[in-house]
Amino acid sequence: MQNRIGVVASDLSDVVDQLTKLSSEDIPRADRQIAPRIGFVFSGQGAQYPRMGQSLLRTWPTFTSSMKRAVECVKACGSSWDLPEELLKDASESRMEDPCIAQHMSTAVQICLVDTLKDLGVIPTAVVGHSSAPTTTPAGAPPTTEVKPAQATAPAASGISPPKANPFAAVARIPYLQYIR
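In full-length UniProt numbering, the protein residues as written are 1 to 181.
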C-alpha cells in the first residue's frame, strides 16, 4: 500500500462523498524510507481472566513454544502449579485471582504474545507496562539480545515482591530497562 489516506465521517453517505471527492485528487505516496515504529503497552495485574490466550496456546506454534519455556522457568523457581493447566481452567476452577498465579500468568502470556508477534514480523521498538508488566520488557529487547523468560519470571515465581513503601523498587533494578526507547 504505497498510497494511503484516511477520512473521518459521520455516516455512510459522508464516507461516500469524501471518497468520491478524493478519487479525483492525487494521493501522496507513502514514504518507504521511514520504517514504522511500534511499541507494545501491557497492563499489569488485574486485567487477567480465566482461559486468556487459550486459543493461541492450542493453535499457534510460536505461542506454544514460548509457553513451554515459561513453564520451565516457573518450575525451576519452585512453583508447584502448571502455567498451561491454570490457563486452561474455566472460571469456576480458575485461581487467576491469586496474585502469585496472576502475576506469572500475565507475564507469561505477554511474553508469548511478544514472541508470536515477532515471529510474524511485528517487532516492537519498545515494550512497556504497568505493575508486573515491565517484566515483559526483555521479550521486546532488540533481536540481537538473547533474553530468556527466566529473567522475567524468576523474581515473581520465587515470591520476591517489592517493598510496600516503594512498589516500583524492583522495576528500578531490572537490567534490561536500557532497551526501552
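Just so it is clear, CB atoms sit at the ideal spot from N, CA and C, and this is done for glycine as well. Everything numeric in this text was worked out from a predicted model, so none of it was measured.
Mind checking who R58 pairs with in its DSSP beta bridge?
-> DSSP lists no beta-bridge partner residue for R58.
Closest to D115 by CA distance: which of S79, L57, A91, A47 is it?
-> Taking only the C-alpha atoms, the option nearest D115 is L57.
Hey, would you say L88 sits closer than 7 Å to A70, going by beta carbons?
-> Between L88 and A70, the C-beta gap is not smaller than 7 Å, which leaves the two residues out of contact.
Do C100 and F63 have their C-beta atoms within less than 7 Å of each other?
-> In this structure, C100 sits away from F63, with a CB-CB distance that is not shorter than 7 Å.
Inter-residue spacing [alpha-carbon to alpha-carbon] between V41 and K68 | Roughly 23 Å separates the two Cα atoms.
What's the C-alpha gap between S24 and V8?
-> The C-alpha of S24 lies about 18 Å from the C-alpha of V8.
Buried or exposed (CB count within 10 angstroms, at least 16 for buried), P61 | Per the 10 Å Cβ criterion, exposed.
Going straight from the alpha carbon of L12 to that of G6, what length do you get?
-> Going from the Cα of L12 to the Cα of G6 covers about 14 Å.
Secondary structure of A126, DSSP reduced to three states = DSSP, reduced to helix, strand and coil, places A126 within a strand of the structure shown.
For R29, name the three-state secondary structure that DSSP assigns.
-> In this structure, DSSP gives R29 an extended state, which the three-state scheme calls strand.
Specify the secondary structure class of T145 as computed by DSSP and reduced to three states.
-> The predicted model places T145 with a pLDDT of 36, which falls under 50 and marks its position as unreliable, so this point remains unresolved.
Three-state secondary structure (DSSP) of P155 | With a pLDDT of only 45 at P155, under the threshold of 50, the placement of this residue in the model should not be trusted; the figure read from the coordinates follows. In the structure shown, P155 sits in a helix (DSSP, three-state: H, G or I).
Whole alpha helix (DSSP H) runs in the region 44 to 109 with 4 or more residues, listed along the chain?
-> You should have 54 to 59, 61 to 76, 83 to 88.
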